[in-house]
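Residue numbers (our numbering), protein chains in the order written: chain A, 974 to 1044; chain B, 270 to 948. Take a look at the structure below.
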Amino acid sequence: MGLDIRWPIGIMFSLIGALLLAYGFGTAGDVEMYSHSLGININIIWGVVLLLFGGGMLLGAILGRKTPPKP
Amino acid sequence: MARWLWFNTLSIPRQSGRNPARRRAESAWILHDNTDMQPIHLAWVDYTILLSYTVFVIGIGFALRRYMKTSADFFLSGRSIPAWVTGLAFMAANLGALELVGMSASGAKYGIATAHFYWVGAIPAMIFLAVFMMPFYYGSKARSVPEYLKLRFDERVRCLNSLTFAVMTVFASGISMNALAKLLHLLLGWDYDASLWICSAVVLVYVLKGGLTSAIYTEVLQFFMIVLGFAPVVYLGLKDMHGWETIKSKLIDVAQNPAALSLNDKHFQPDAWTSAWKPILGGAGANPMGVNVFAIVFGLGFVLSFGYWCTNFLVVQRAMAAKDMTAARRTPLIAAIPKMIFPVLVILPGIIAIALASTPDKGYRLPPRPISSGGAAALADLRAAKPGQEDAAFAAVSKDVDLKLDKAKVLALMHANAVSALPEEKLKEGLQNAVTENDYDSIILSLVKRYCPPGMLGLALTALLASFMSGMAGNVTAFNTVWTYDLYQAYLAPNRSDQHYFRMGQGITVVGILLSILCAYFASHYSNAMDVVQLVFGFVNAPLFATFLLGMFWARTTGTGAFLGLLGGTFTSAIFHALTITVGNAPGIKGGYLSVLYTFPSEMAQNFYLATFAFAACFVLTLVISLATERTKTDEELKGLVYSLTPKLVDHDQAFLTRPAVLGTILLLGCVILNIIFF
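Spelled out as structure tokens, the structure:
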């Protein structure tokens, strides 16, 4: 099929990652909220993880586009 | 099959009451007094994550729409998908349904031995499928598993398999959607009907637009969503308990007195929850599953596991969509890699939960079963309790709620209320708090609620939603293919144009979703009838692998032998169930309704032995009847369908490490090592 699934996966997780990261920074001072996650600002950490994952998928999609499909 | 087994052994959350208004009233009762089940308040960030996931899965459907031109594009993805995609979809299609919820429940109930469903009950069968069976499925150019049966045997076997499979997929997706809608209702306070219809509509749109490709692509997306959504919950749980060693030491206490957490009435060896094999080797009485080593190795590891992974079109369809034979054979192998380590994500949460519950200063208890029907009557009885007649009042309250209650807590509540009348909210809360039966299926959610702040909460809930949707989409795509190719084209309207079948496929997708919704309502209103339905499918599925094994590896097997063998195997399951029962169950839906010849220590043991007997009966009957009947297919006709008559595939052109047999051996070794580590 003509669609490389790495595009939607990459874009979606990058967007969600960026959102979590921004939200994590925005709520960084909220001690009560992060008492849930043992005082760790999990939104920032996981936002970065998702960004890295999404970025990796996009990179794969970009690199995959350059190699011509095998006959 | 394995999935059906899990359905049978797990308690599916129930919604009692046949009248929708009453059902809602009862749910409302749950919502307002069980503090643990208070709806979660989602922040805008959580809704944004949920929404963006929905937009992307629908978007994938629309993006694929222009590639859907023939029925082969729609049902078989034009056989064009790379192995890593079909591999992850293979894994995710099975992951759907109740696995996340069910496996964490089993992790709490049975400990590490639950991993047998993966290391014994999945990996070996997936490797067998890749190395030995995939060449026949893919090479025969059959478009579905029932079609393979037609090529190998005859129309009767295909008809039997396709009919039962089609009905089973509709019920499976209905059960899955009912569980999802109830979860959203209890958890977020969303309307049951709206949740059911909206989630089904999302699945409908992307399957209708992009067919099997769409289902496979979204399954890959869902796979990553599930992994990335739940990994932080597991990480925080581990951190909260100060790592695995602390958890293990807590599990030792739990094993010696599981009654403290209402897990089990018996006492076990200290390693009952922390070792995968030692408690099983100790016999059925030495482990909370109540199974012995034969039941695990032969019943689960061979009959049920091979019966599910090697014959169920729902998963095999993913491999059949691969772009070539090599990719098709790699599909189950690629799926086996995440499958092997998935217990960390799905079973560990259950284990963390019981470790938390046995650490008093963590302030966590396993979620109690919610009081649903009879709540109002119980409150009335509680209020009417007269001093000196507490025992009678307690008995009445217990009967009303139909759950085990902590007598001391209920009596304390009665006394407090007698001294000064408590407000209704307090009474309800106190009564719910006195329930001692665990609601294992809510464990994963209780951990999500405990550890996830807004943001992460949205991600984890989206992961949960994704797991249910992938289950439904998987079933619907398998259903529409089997209906169109194996029932409609075969019996109702042969020799029509390809476009005709393509349009039929789209039409039947809508019908399939509507039938699933109908089944979801059926499951929510008549949960007992649903248990019977699942039981019957268990009977049909149990002997199936014997038919495939003989068919693929013994050219002498005849159509009559296979057909009668299957019927005989199914009949054997039904008779076996009617003559055996498990400890603590009355004769009826749990078995023993004809007579009780044997009592099993657990339902799981009964299931494993039932499958073993059904397999043996089907195997012997097929063998004997085949020998007594004439062969109807020549060697030439069976070429590509039977092992001994098919030229062996040569893998020498592939790099040594990527050959299926080599990869399979490496994976099997990895699996053995995991079993040794957790022995």
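We put the beta carbon where it would ideally sit given N, CA and C, even for glycine. Please read all numbers here as calculations on a predicted model, not as lab measurements.
{"Check": "What three-state label does DSSP hand T339(B) in the structure shown?", "Outcome": "coil"}
{"Check": "In whole angstroms, what is the alpha-carbon distance linking A685(B) and L691(B)?", "Outcome": "7 Å"}
{"Check": "Excluding five sequence neighbours on each side, which residues of the same chain lie with their C-beta closer than 6 Å to the C-beta of G975(A)?", "Outcome": "none"}
{"Check": "State yes or no: is the C-beta of M395(B) within less than 7 Å of the C-beta of V615(B)?", "Outcome": "no"}
{"Check": "Would DSSP call I350(B) helix, strand or coil?", "Outcome": "strand"}
{"Check": "Considering only C-alpha positions, which residue in the set A591(B), L848(B), L477(B) is nearest to R412(B)?", "Outcome": "A591(B)"}
{"Check": "Do L1011(A) and D460(B) have their C-beta atoms within less than 7 Å of each other?", "Outcome": "no"}
{"Check": "DSSP on I984(A), reduced to helix/strand/coil?", "Outcome": "helix"}
{"Check": "Flag L1032(A) as yes if its beta-carbon sits less than 7 Å from any beta-carbon of chain B, otherwise no.", "Outcome": "no"}
{"Check": "Helix, strand or coil: how does DSSP classify A361(B) here?", "Outcome": "helix"}
{"Check": "Can you list, in chain order, the residues of its chain with a C-beta nearer than 6 Å to that of K419(B)? Leave out the 5 residues immediately preceding and following it.", "Outcome": "R427"}
{"Check": "Where K908(B) and V439(B) are concerned, what is the direct C-alpha to C-alpha distance, given to the nearest angstrom?", "Outcome": "34 Å"}
{"Check": "The stretch 467-497 of chain B: which residues have C-beta closer than 7 Å to a C-beta of chain A, in chain order?", "Outcome": "T482, Y486, V489, L490, F493, L497"}
{"Check": "If we ignore side chains and look at the alpha-carbon of each, how far apart do V893(B) and G781(B) end up?", "Outcome": "39 Å"}
{"Check": "What does DSSP give as the partner residues of Y867(B) in its beta bridges?", "Outcome": "T849(B)"}
{"Check": "What is the rounded straight-line gap between the Cα of Y709(B) and the Cα of L311(B)?", "Outcome": "24 Å"}
{"Check": "Which residues in chain B sit within 7 Å of L988(A), going by Cβ to Cβ distance?", "Outcome": "S321"}
{"Check": "Going by CA-CA distance only, name the one from G933(B), M446(B), A681(B), D669(B) that's closest to E659(B).", "Outcome": "A681(B)"}
{"Check": "So within the stretch 854-933 of chain B, which uninterrupted beta strand (DSSP E) runs reach at least 3 residues, ignoring any that extend past its ends?", "Outcome": "867-869"}
{"Check": "Measuring alpha carbon to alpha carbon, tell me which residue in S842(B), G838(B), S913(B), T901(B) is nearest T891(B).", "Outcome": "G838(B)"}
{"Check": "Below 7 Å between beta carbons: does that hold for I620(B) and G376(B)?", "Outcome": "yes"}
{"Check": "Would you decide whether A953(B) is buried or exposed? Buried here means 16 or more other CB atoms lie within 10 Å of its CB.", "Outcome": "Residue coverage of chain B in this structure runs from 270 to 948, which leaves residue 953(B) outside it and unanswerable."}
{"Check": "Shortest alpha-carbon distance to V471(B) belongs to which of L635(B), T927(B), S321(B), Y760(B)?", "Outcome": "S321(B)"}
{"Check": "Using 10 angstroms around the beta-carbon of G925(B), count the other beta-carbons present and answer buried if the total reaches 16, otherwise exposed.", "Outcome": "The question names Gly, but residue 925(B) is Phe in the sequence shown. So F925(B) ends up on the exposed side."}
{"Check": "To the nearest angstrom, report how far apart A811(B) and G699(B) are at their CA atoms.", "Outcome": "45 Å"}
{"Check": "Who are the Cβ neighbours of A881(B) in its own chain at under 7 Å, not counting the five residues just before and after it?", "Outcome": "Just to set this straight, residue 881(B) is Thr in the shown sequence, not Ala. These residues qualify, in order along the chain: F567, G568, V572."}
{"Check": "From G458(B) to A450(B), what distance separates their C-alpha atoms?", "Outcome": "10 Å"}
{"Check": "Of all the options I485(B), G632(B), I381(B), E416(B), which has the alpha carbon lying nearest to the alpha carbon of N363(B)?", "Outcome": "I485(B)"}
{"Check": "Can you find the residues in the same chain that come closer than 6 Å, C-beta to C-beta, to W546(B), ignoring five residues on each side of it along the sequence?", "Outcome": "F948"}
{"Check": "Give a yes or no on whether the C-beta atoms belonging to N749(B) and T778(B) are separated by under 7 Å.", "Outcome": "yes"}
{"Check": "Rounded to the nearest angstrom, what separates F998(A) and A703(B) at their Cα positions?", "Outcome": "42 Å"}
{"Check": "What's the C-alpha gap between T901(B) and G330(B)?", "Outcome": "44 Å"}
{"Check": "Within 10 angstroms of its Cβ, does Y754(B) collect 16 or more other Cβ (buried), or is it exposed?", "Outcome": "buried"}
{"Check": "In the stretch 1013-1032 of chain A, which residues sit with their C-beta less than 9 Å from some C-beta in chain B, listed in chain order?", "Outcome": "I1013, N1014, I1015, N1016, I1018, W1019, G1020, V1022, L1023, F1026, M1030"}
{"Check": "Between the C-alpha atoms of W298(B) and S641(B), what's the straight-line distance to the nearest angstrom?", "Outcome": "Bear in mind that the predicted position of W298(B) carries a pLDDT of just 38, short of 50, making it unreliable; the figure below should be weighed with that in mind. For W298(B) and S641(B), the distance between alpha carbons rounds to 7 Å."}
{"Check": "For the 8 Å Cβ check, are there 3 or more pairs between the stretch 873-887 of chain B and the stretch 846-854 of chain B?", "Outcome": "yes"}
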